[in-house]
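Working notes, beginning with the structure itself.
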Amino acid sequence: HNINSALVHRGPDSEGLFHDVGLGVVIAHRRLTIIDKSSNGSQPMRSSCGRYIFSYNGELYNHREIRKELEQKGRTFRGTSDSEVFLEGISEFGIEEMLNRTNGMFAFCLFDLSNKNLFLARDRIGIKPLFYGIIGDILYFGSELKAIIAHPDFTPRIDSNSVGSYVRFSYIPTPATIYQGIKKLEPGSFIRVSDDKTISPTIYWQVDEATQSGARGGLFSPGEATHKVEELLKDSIERQLVADVPVGVFLSGGIDSSLLAALGQEVSDKALSTFSVGFEDRKYDEANFAKAISKNLGTVHQEIYVSERDAMTALPEMPLIFDEPFGDSSQIPTYLISRETGRNVKVALSGDGADEVFGGYKRYVSGERALRFLNSMPRIVELVTKKVCRKLSSRYGGAPIVIPGRNVSQGVLERALEIGSLERYDFKSIYEVIISHWPKPEYLVRDLESYPPLFVRPIPEVIESDPLSVMQYIDLQSYLNDDILVKVDRASMANSLEVRVPFLDHRIIELFSRLPRESKIANSVTKTVLREILSKRLPRTLFDRPKMGFGIPLDSWLRGGLSEWAEDMLNPSMLRKSGFFYHEPIIRRWQEHQAGKANWGYWLWDILMFQGWLESQR
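Quick note: to get the working numbering, add 105 to the position in the sequence shown (first position is 1).
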C-alpha cells in the first residue's frame with residue numbers, strides 16, 4: 106500500500122491490488138479515470154478467460170475498432186474501457202500481435218497465471234514510462250522510480266557513469282537510470298520475465314525499421330506530403346480528443362500547438378478549452394500570440410503568467426517529481442501550466458514531437474551546415490584541425506574559454522573545439538557534440554569510469570548521407586524520449602493531468618523519411634508542411650515568426666531572483682559535500698555568468714538540478 110501511495114498523483118481516482126502469496130506476485134494500480142468511469146474499468150484487471158492479470162497506464166486510441174473485431178470473434182465485455190479491450194486483445198491475438206495492432210500510448214504489466222510469466226511492455230515511442238530492476242531475488246517495476254525506491258529493501262546506489270551522461274546531455278539516456286541495477290524499459294519493446302527471473306527482451310517496433318521501410322516506399326511529392334500529413338494528423342487529433350472527461354489543448358502560440366487547436370476545433374462539436382503560459386520577459390513571451398489565435402479559432406482560452414517567484418516556489422518540487430536528475434529548465438513552465446490546466450480538465454493535447462518529425466529545431470538549420478562542411482573537409486585540413494583542437498581542448502579542460510573583444514558564444518566555441526578533436530567526422534559523432542552540454546564530463550565528475558555515447562545503433566544506410574534526416578533520426582530516439590516526453594509526463598501526471606501527443610502517432614512518425622526536404626526545411630524556414638496546413642486556417646501573420654521554444658529566461662533569472670538560491674547550491678562546500686563534482690570548473694562558470702562575461706545558464710542549471718535532487722535524497 107505504501108509503495109502504491111507513492112504514485113497517487115498518477116491515479117487519484119481509485120486504487121486496486123492483486124496479491125497472491127503462493128505465486129509470489131503483487132501488482133498494485135492507481136487509476137486516473139478517463140474512459141469508462143465505472144468500476145468495470147478498475148485495475149488490476151483479470152481477463153475473461155481467467156488467464157491474465159493486467160495493470161495498464163495510458164490510452165488505446167483505436168480501441169473501438171479492436172473492440173468491434175473482438176466482438177465479431179465472440180468476445181464479450183463487461184464495460185467500455187480501453188483497458189479491457191487491450192487485455193482481451195492480448196488474450197485473443199497474443200501479446201506481440203496485439204502490440205502491433207495498437208495505436209496509443211501505454212506502459213503495462215501482464216501476469217500469465219498459466220506459466221507464471223510476467224510481461225512488461227511500453228508503447229512504440231516511449232510516451233509512457235516504465236522502470237524495472239531485480240533487487241535481491243525480487244523483480245520490481247513501476248511507472249516512476251519513486252514506486253521502486255519506496256520499497257524498504259531498496260538500497261540506492263548512484264551510478265557515476267549515469268552522472269557523466271547527465272552532465273553531458275542534461276538527462277540520463279535510456280536504458281540507464283541514476284541508480285545501479287534499475288533500468289528504463291526501451292520504447293517499442295517488451296520483456297518476458299520467467300519464473301526463474303530470466304529476462305527475455307523483444308523489440309516489436311523501432312524507428313530504424315520505420316525509417317528504412319518508409320524510405321523504400323520513395324519520397325512523396327510536396328503536394329502528396331501535405332495531403333498525407335494533414336489527413337493523418339486530423340485523424341490522430343480526432344481520436345485523441347475522445348474521453349469521458351473534459352479535454353483541453355496546450356496553446357503556446359507556436360505552429361505546432363496552433364495547428365492542434367485549429368484541427369481540434371474543426372473536428373470538435375463544441376468550443377475547445379485552450380491554455381497558455383506567458384512570461385514577464387517579452388523575449389520568451391508568446392501569450393499574446395496564443396490569445397490572438399484563440400480568438401480567431403473561437404476557443405475558450407485561459408492564460409497564466411510565470412515569474413521568478415513562481416519558479417522559486419516550484420523549484421523544490423522538481424526533484425520530487427522527476428526522481429532522478431533532469432536538467433531541462435522548461436520543466437518549470439510545463440509543471441505550472443499543467444497545474445493550472447489540471448484544475449479545469451483531466452486531459453490535454455500537446456504539440457510535442459512535431460519538431461523532431463518535421464524538422465523544427467533551429468539547430469537543424471545550423472547543424473546541417475556544420476555537418477556538411479566538416480564532412481567535406483580535405484584530409485590535410487582535417488588532420489591539422491584535429492591537432493590544434495585536441496591541444497586547446499586538453500589545455501582548457503572544463504574551464505571557460507574567453508576570447509576578449511569577440512562576440513562568440515562560449516558554448517559554441519567549446520563545441521567547436523570538441524568537434525575539431527573528434528577521431529572521425531561522421532554526422533552521428535558531430536551531432537552528439539552539437540546537442541551536448543558539458544563537453545568533458547571526465548573533467549567534472551569524480552570517479553567517472555566511462556559514459557556511453559548518446560546513440561549506439563548505426564544510422565540506416567538510406568539516410569546516412571542526409572544530415573537533416575540523421576539529426577531527426579537521433580532525436581526521435583534520444584532527446585524526444587528521454588527529455589521531452591519525460592518532462593511532459595512527469596510535470597503533467599504530478600498534477601493528475603493526462604497529456605496526449607497527436608504528432609507522435611506512429612503512422613506520422615513512419616512518414617518522416619518519406620517527406621521531401623522542402624516539406625521540412627526550405628530556405629532556412631522550418632516545418633514548411635505544417636505552416637502550409639495551418640495557413641489554410643489562420644492568417645500567417647499570427648504564426649509566421651521565429652521559434653521561441655518553451656524555456657524560461659534562465660540566464661537573467663540566475664543573475665536576478667534565483668541568484669541567491671543558486672549561490673547557496675553552488676558554493677564549494679556544498680559541491681564538496683555532494684562528492685560527485687570537481688568544483689573548480691563549476692565555480693569558474695558561475696563567476697563568469699554572474700559577471701556577464703558568458704551565458705552559462707543551461708550548464709549551471711544541470712548542476713543545480715543535480716544538487717537539488719541529491720539534497721532531496723538525504
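Idealized CB from N, CA, C, for every residue including glycine.
Query                                                                                                                     : Result
Ile437 and Leu420 closer than 9 angstroms at C-beta                                                                       : yes
7 angstroms Cβ shell around Ser601 - same chain, five flanking residues per side excluded                                 : His114, Pro117, Leu137, Gly447
Candidates Leu647, Pro644, Leu719, Arg520: closest to Arg681 by CA position                                               : Leu719
Distance between beta carbons of Ile240 and Phe259, contact taken as under 8 angstroms                                    : 6 angstroms
Bridge partners - Ser668, DSSP secondary structure assignment                                                             : None; Ser668 has no bridge partner.
Nearest residue (CA-CA) to Glu164, options Glu623, Gly432, Ala348                                                         : Ala348
Cα-Cα separation between Gly432 and Pro644, rounded to whole angstroms                                                    : 36 angstroms
Leu215 - containing beta strand (DSSP E), residue span                                                                    : 209 to 217
Pro711: first and last residue of the uninterrupted alpha helix (DSSP H) it sits in                                       : One detail in the question is off: residue 711 reads as Asp in this sequence, not Pro. Element bounds for Asp711: 706 to 722.
Whole-Å CB distance - His611 paired with Arg229, under 8 angstroms assumed                                                : 5 angstroms
Contiguous beta strand (DSSP E) assignments of at least 3 residues, all confined to the segment 115 to 173                : 119 to 125, 130 to 136, 157 to 165
Span of the alpha helix (DSSP H), counted from its first residue to its last, around Asn266                               : 265 to 274
DSSP three-state assignment for Leu454, whether helix, strand or coil                                                     : strand
Val450 versus Arg529: straight-line alpha-carbon distance, rounded                                                        : 51 angstroms
For Asn222, the residue or residues it bridges with in DSSP                                                               : Asp217
Spatial neighbours of Val354 in its chain, beta-carbon cut-off 6 angstroms, leaving aside the 5 residues before and after : Leu365, Ala366, Gly369, Leu377, Thr379, Leu454
Lys333 - DSSP class collapsed to helix/strand/coil                                                                        : helix
Reduced DSSP secondary structure (H/G/I, E/B, other) of Gly502                                                            : Only weak support is given to the placement of Gly502: the predicted model assigns it a pLDDT of 48, under 50, and the value that follows is read from those uncertain coordinates. The answer is coil: DSSP assigns Gly502 none of H, G, I, E or B.
Residue from Lys178, Ala133, Ser668, Thr207 whose Cα sits closest to the Cα of Phe159                                     : Ala133
Cutoff 9 angstroms: Arg605 Cβ touching any chain E Cβ                                                                     : Here there is only one protein chain, and chain E is not present.
The alpha helix (DSSP H) enclosing Ser399, as first and last residue numbers                                              : 392 to 402
Residues that Thr633 bridges to, as DSSP identifies them                                                                  : Its beta-bridge partners do not exist; DSSP assigns none.
DSSP state of Val513 mapped onto helix, strand, coil                                                                      : Reliability fails at Val513, whose pLDDT of 47 lies under 50, so the model's placement of it is uncertain and the value that follows must be treated cautiously. Residue state, collapsed to three classes: coil.
Cβ-based neighbour list, Val405, same chain, cut-off 6 angstroms, excluding 5 preceding and 5 following                   : Ala376, Ser378
Per DSSP, cross-strand counterpart(s) of Lys289                                                                           : Phe236
Minimum C-alpha distance to Tyr440 - residue among Ile171, Gly199, Ala416                                                 : Ala416
Straight-line Cα distance separating Ser147 from Arg468                                                                   : 45 angstroms
Inter-stretch contact (C-beta, 8 angstroms, three-pair minimum) for the segment 575 to 588 and the segment 272 to 280     : yes
Cβ separation of Asp552 and Val272, assumed to be a contact under 8 angstroms, to the nearest whole Å                     : Actually they do not touch by this definition, with Cβ atoms about 13 angstroms apart.
8 angstroms Cβ shell around Leu337 - same chain, five flanking residues per side excluded                                 : Asp610, Arg612, Ile613, Leu616
Where the alpha helix (DSSP H) containing Pro690 begins and where it ends                                                 : 688 to 699
Proximity of Tyr157 and Ile108 at Cβ, strictly below 9 angstroms                                                          : no
Nearest-angstrom Cα separation, counted from Ala252 out to Gly121                                                         : 15 angstroms
Residue from Asp460, Glu413, Pro621 with nearest C-alpha to Lys333                                                        : Pro621
Phe685 (DSSP reduced to helix, strand or coil)                                                                            : coil
Among Glu429, Ser412, Phe427, Gly359, the one whose alpha carbon lies nearest that of Ala395                              : Gly359
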